[in-house]
Amino acid sequence: MSMNADFRSDTLTQASPDMRASMASANVGDDVYGEDPSVNELQDRIASLTGKEAALFCASGTQSNLSAVLSHGQRGDEYLIGRNYHILLNEVAGASALGGMTPWPINVDENGGLDPADVVAEIKEPDQHHPITSLLCLENTVNGHVQSVELISDLSQAAHNAGLSVHLDGARLFNAAIDLGVPISDFTTSVDTVSICLSKGLGAPVGSVLAGNKETIDKAFRVRKMLGGGMRQSGHLAAAGLYALDHQVDRLIEDHLRAERIAQGLSNINGLDVKQATNMLWVTPPPEVHSSLSRHLENANIKVIPWSPTMRIVTHLDIDDEAADYLVEVFQDFFSNN
Ligand SMILES: Cc1ncc(COP(=O)(O)O)c(C=O)c1O
């Protein structure tokens with residue numbers, strides 16, 4: 025067997041002909057005037073799915089998260105966040121650079137979970153020397169790992185009891201919901217704002233939606249404008265999100281099962297450490313073969329993220345069983361000859 029298969033990220037998916045057709049035929053208007061019916065429909069749908077009053081269509085997860093963080097705090101404030109969470113590590117320190125807010129990293133367990141006691145311990149006492157701790161940032165899934173409804177709720181309660189707001193980066197919240205077989209509102213009722221990406225497992229080309237109460241979304245609306253995110257006939261993009269909500273949510277389970285199928289296939293290989301959660305696999309080969317294995321995968325036209333020591337493999341809409349089995353075969357081939 026031979027093929028090209030790209031397992032680097034679920035952001036790589038390409039819009040299907042049907043999704044493209046619904047984008048092309050979308051009803052649109054000028055969204056800066058609030059007159060784009062497709063954007064308004066998408067925002068209403070996400071507000072309703074998350075049980076929030078209002079929602080805001082953003083260009084990306086980074087823009088949506090930043091609009092939220094800057095709406096919850098002021099210059100000089102501090103936000104608490106898991107030390108490996110995306111907002112802290114991979115969003116260009118936007119909250120510090122543009123909003124003057126400082127992150128305070130909290131240790132996570134091996135599944136990316138925070139301990140409510142650690143959160144409470146890191147909230148600064150009111151004192152003229154301290155920043156004001158105004159926000160807790162959560163994430164779900166974290167590197168594929170599902171954070172339970174109970175944990176999100178306990179963390180939110182601990183933060184709220186101390187007067188903090190809570191933002192949930194739910195870039196892959198639908199993956200968590202499908203994995204547990206619960207509606208996404210189970211994760212969102214306890215938090216103040218949630219950002220959901222349409223361009224990851226859901227397979228839209230662009231976009232994220234921020235949901236929260238009306239007052240916070242009104243603030244985020246102004247921040248989004250400041251960030252250059254006031255878009256015009258963006259209903260063509262929102263239509264892809266609407267299509268994804270209608271057709272590409274339930275199928276996320278296929279990505280999880282395919283990731284499991286790969287994990288099973290790789291589990292027989294001696295010396296390979298494999299961890300799988302939802303649509304992500306983390307594969308650690310013996311250090312002495314890491315670079316030759318990376319080359320072998322590349323030569324077989326398989327793309328993974330070859331981080332060292334642990335490679336990342338992600339399943340998504342454009343990965344079928346054949347591609348999953350090919351990946352396993354290429355790994356087996358390498359280890360039977362090395
Ligand atoms: C957990 C998480 N949050 C937020 C984002 C940001 O999304 P975007 O790339 O659309 O800015 C990503 C993107 O990879 C992500 O994985």
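Counting from 25, one number per residue, gives the positions in the sequence shown under the working numbering. Heads up, the beta-carbon is just placed ideally off N, CA and C, and yes, glycines get one too.
**Request:** Compute the Euclidean distance between the alpha carbons of Phe245 and Ser332, then round it to the nearest angstrom.
**Result:** On the sequence shown, position 221 is the one that residue 245 refers to. On the sequence shown, position 308 is the one that residue 332 refers to. If I take the Cα positions, the gap works out to 40 Å.
**Prompt:** In the DSSP assignment, what are the bridge partners of Ala103?
**Reply:** If you number the sequence shown from 1, residue 103 lands on position 79. Contrary to the premise, residue 103 reads as Tyr rather than Ala in this sequence. Pro127 and Leu159.
**Message:** If you measure between the beta carbons of Thr339 and Asp279, is that distance less than 8 Å?
**Reply:** In the sequence shown, counting from the first residue as 1, residue 339 sits at position 315. In the sequence shown, counting from the first residue as 1, residue 279 sits at position 255. Contact flag set, yes.
**Message:** Here's the rule: buried if 16 or more other CB atoms are within 10 angstroms of the residue's CB, otherwise exposed. What is Tyr350?
**Reply:** Stepping through the sequence shown from its first residue, residue 350 is reached at position 326. Tyr350 is buried by the Cβ-count criterion.
**Prompt:** Secondary structure at Lys148, three-state DSSP: helix, strand or coil?
**Reply:** In the sequence shown, the residue the question calls residue 148 occupies position 124. Residue state, collapsed to three classes: coil.
**Asked** Tell me, which residues are paired with Arg336 by DSSP?
**Response** Taking the sequence shown and counting its residues from 1, the one referred to as residue 336 is at position 312. Arg336 is bridged to Trp306 and Ile329.
**Asked** Taking buried to mean at least 16 other C-beta atoms within 10 Å of its own C-beta, is His191 buried or exposed?
**Response** In the sequence shown, residue 191 corresponds to position 167, counting from 1. It is buried - the Cβ of His191 has at least 16 other Cβ atoms within 10 Å.
**Message:** For the beta strand (DSSP E) containing Lys238, name the first residue and the last one.
**Reply:** One-based indexing of the sequence shown puts residue 238 at position 214. Per DSSP, Lys238 belongs to no beta strand (DSSP E); it is in the alpha helix (DSSP H), Lys238 to Met250.
**Asked** Which residues in the same chain as Pro310 place their Cβ atom closer than 6 Å to its Cβ, once the five residues preceding and following it in sequence are excluded?
**Response** Stepping through the sequence shown from its first residue, residue 310 is reached at position 286. Once the five neighbours on either side are set aside, the close Cβ partners of Pro310 are Gly295.
**Prompt:** Quick one: what does DSSP say Ile293 is sitting in, helix, strand or coil?
**Reply:** Numbered from its first residue, the sequence shown carries residue 293 at position 269. Looking at Ile293 - three-state DSSP - the assignment turns out to be coil, as it is neither helix nor strand.
**Request:** Thinking Arg285 and Ile343 are a contact (beta carbons under 8 Å), I'd like their distance in whole angstroms, please.
**Result:** For the purposes of this step, residue 285 is taken as the residue at position 261 of the sequence shown. For the purposes of this step, residue 343 is taken as the residue at position 319 of the sequence shown. Beta-carbon to beta-carbon, Arg285 and Ile343 are separated by about 11 Å, too far to satisfy the 8 Å threshold.
**Asked** According to DSSP, is His184 helix, strand or coil?
**Response** Counted from its first residue, the sequence shown places residue 184 at position 160. Three-state result, His184: helix.
**Request:** Please report how far the alpha carbon of Ala228 lies from the alpha carbon of Arg256, in whole angstroms.
**Result:** Working through the sequence shown from its first residue, we reach residue 228 at position 204. Working through the sequence shown from its first residue, we reach residue 256 at position 232. In a straight line, the C-alpha of Ala228 is about 18 Å away from that of Arg256.
**Request:** Kindly examine ligand 1 and report whether one of its heavy atoms sits closer than 7 Å to the Cβ of Asn135.
**Result:** Position 111 of the sequence shown, counting from 1, holds the residue named residue 135. Checking the Cβ of Asn135 against ligand 1 gives no.
**Request:** May I ask you to check if the CB of Ala244 is nearer than 7 Å to at least one heavy atom of ligand 1?
**Result:** One-based indexing of the sequence shown puts residue 244 at position 220. Within the chosen limit of 7 Å, ligand 1 does not reach the beta carbon of Ala244 with any heavy atom.
**Request:** Rounded to whole angstroms, what's the CA-CA distance from Ser360 to Ala186? Just pull it up for me.
**Result:** Residue 360 sits at position 336 when you count from the first residue of the sequence shown. Residue 186 sits at position 162 when you count from the first residue of the sequence shown. Their Cα atoms are separated by approximately 56 Å.
**Asked** Can His110 be considered in contact with ligand 1, in the sense that its beta carbon sits closer than 7 Å to one or more heavy atoms?
**Response** Position 86 of the sequence shown, counting from 1, holds the residue named residue 110. Yes - ligand 1 has a heavy atom lying nearer than 7 Å to the Cβ of His110.
**Prompt:** In its own chain, which residues sit with a C-beta less than 8 Å from the C-beta of Asp178, not counting the 5 before and 5 after it?
**Reply:** Residue mapping note: residue 178 aligns to position 154 of the sequence shown, counting from 1. Contacts found: Pro140.
**Message:** For His260, which residues in the same chain have their Cβ closer than 7 Å to its Cβ, ignoring the five residues on either side in sequence?
**Reply:** Sequence index remark: in the sequence shown, residue 260 carries index 236 (1-based). Around His260: Met47, Ala50 and Val52.
**Request:** Might you give, ordered along the chain, the residues of its own chain that have their beta carbon closer than 6 Å to the beta carbon of Glu59, omitting 5 neighbours on each side?
**Result:** Along the sequence shown, one-based indexing puts residue 59 at 35. Taken in chain order, the residues that qualify are Gly53.
**Asked** Pairing CB atoms from the region 132-152 with CB atoms from the region 88-98, are three or more of them under 8 Å?
**Response** no
**Request:** Helix, strand or coil for Phe355, going by three-state DSSP, please let me know.
**Result:** Here residue 355 refers to the residue found at position 331 of the sequence shown. DSSP places Phe355 in helix when its eight states are reduced to three.
**Request:** Run the proximity test for Ser91: is its beta-carbon closer than 7 Å to any non-hydrogen atom belonging to ligand 1?
**Result:** As a position in the sequence shown, residue 91 is number 67, starting the count at 1. Ser91: no, Cβ never under 7 Å from ligand 1.
**Asked** How should Tyr103 be labelled, buried or exposed, when 16 other C-beta atoms within 10 angstroms of its C-beta is the threshold for buried?
**Response** Sequence index remark: in the sequence shown, residue 103 carries index 79 (1-based). Its Cβ being crowded by 16 or more others within 10 Å, Tyr103 is buried.
**Message:** Give me, in chain order, the residues of the same chain whose beta-carbon lies closer than 8 Å to that of Val143; leave out the 5 immediate sequence neighbours on both sides.
**Reply:** In the sequence shown, the residue the question calls residue 143 occupies position 119. Once the five neighbours on either side are set aside, the close Cβ partners of Val143 are Leu104, Ile130, Leu160, Leu179, Ala182 and Ala183.
**Request:** Indicate, with yes or no, if ligand 1 has a heavy atom lying under 7 Å from the CB of Ala119.
**Result:** Locating residue 119 in the sequence shown gives position 95, counting from the first residue. Outside the cutoff, so no.
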